[in-house]
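First the structure, in the form of structure tokens, and then the observations on it.
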Amino acid sequence: MTAETTPKFLRPIRSFVLREGRLTSAQERAFQDLWPLYGVEWTPDTAIDLAGLFGDAHPVVLEIGFGNGDSLAEMAEQDPQSNWLGIEVHRPGVGHLLLEIERRGLTNLRLIRHDAVEVLTRGIAPGSLDRVQLFFPDPWPKRRHHKRRILTPELIGLLARALRSGGVFHAATDWEPYAEQMLEILEASSTTFENLAGPGSFSPRPASRPLTRFEQRGERLGHRVRDLMFRRR
């Protein structure tokens with residue numbers, strides 16, 4: 074069956090739309106020189122050898138959709154005893170973070186340019202992650218687009234599989250309706266996840282999550298940021 078004849082209901086619903094901006098000359102250079110050092114060329118249905126990828130058995134933190142990567146680079150720099158794996162589909166953001174890795178001299182950060190849901194489904198071994206982060210995902214505010222929101226019961230199932238017992242899923246959003254939906258979905262998974270803030274509550278922003286320019290702008294506009302932290306039972 075070809076792509077042209079595949080019924081729409083068989084096509085996966087993506088949580089992102091791939092809009093490729095132009096790369097700067099520095100980002101072009103980053104893909105040429107730095108991607109071979111810090112990028113992961115992943116083949117679907119091949120488990121990622123995390124210990125081999127980083128060269129040690131330190132705990133692994135995975136971030137879904139790191140944007141331009143500034144906050145991820147800062148976290149990796151502040152916590153060298155953890156290994157950090159960032160997933161992003163947009164090339165300018167990946168190129169920007171490659172340059173940050175070089176500038177900061179980071180050795181504990183690797184990048185995958187792929188759909189994060191597919192990586193979790195087909196590339197992450199059970200119980201291999203210490204933490205998963207999802208910061209400021211696209212809220213898809215129009216009702217007809219809610220089906221594109223990445224946090225779903227299906228994703229929670231993938232996280233439960235990928236995280237070790239005691240591992241943490243940490244999400245943050247400045248879109249109040251999405252925050253409430255996230256909380257509802259996570260609370261419904263109480264057999265596998267425990268709300269670290271207590272039932273029905275949001276968590277305070279931990280010091281380990283950098284305050285981004287995006288977040289600061291949102292706060293000036295009156296957007297309240299909500300953090301959700303749930304521990305794998």
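In the numbering used here, the protein residues as written are 74 to 306.
C-beta: ideal position from N, C-alpha, C; glycine also.
Note that this is a predicted model, so its numbers are computed, not measured.
Looking at 242, 248, 285, the one whose alpha-carbon comes closest to that of residue 269 is 242. According to the DSSP secondary-structure assignment, residue 156 is paired through a beta bridge with 133. Closest in alpha carbon position to residue 192, among 174, 288, 158, 178, is 158. Scanning the region 234-300 from its first residue to its last, the whole beta strand (DSSP E) runs of 3-plus residues come out as 236-246, 266-268. By the Cβ criterion, the region 165-180 is not in contact with the region 192-209, since fewer than three pairs of Cβ atoms, one from each stretch, lie closer than 8 Å. Each residue's CA atom was taken as its position, placing residue 233 and residue 265 some 7 Å apart.
Taking C-beta atoms under 8 Å as the contact rule, residue 161 and residue 138 qualify, at a distance of about 6 Å. Membership of residue 174 in the alpha helix (DSSP H) is indicated by the continuous run 164-177. In the three-state reduction of the DSSP assignment, residue 192 falls in the helix class, which pools H, G and I.
For residue 127, the enclosing alpha helix (DSSP H) stretches over residues 123-127. Non-local beta-carbon contacts of residue 302 in its own chain, meaning distances under 7 Å to residues more than five positions away in sequence, involve 241, 243, 269, 270, 276 in chain order. Beyond the five residues adjoining it in sequence on each side, residue 135 comes within less than 6 Å, by CB distance, of 158, 202, 205 in the same chain, given in chain order.
In this structure, the beta-carbon distance from residue 225 to residue 299 does not fall below 8 Å. When Cβ pairs closer than 8 Å are counted between the two stretches, the region 106-116 is seen to touch the region 175-183, the count reaching three or more.
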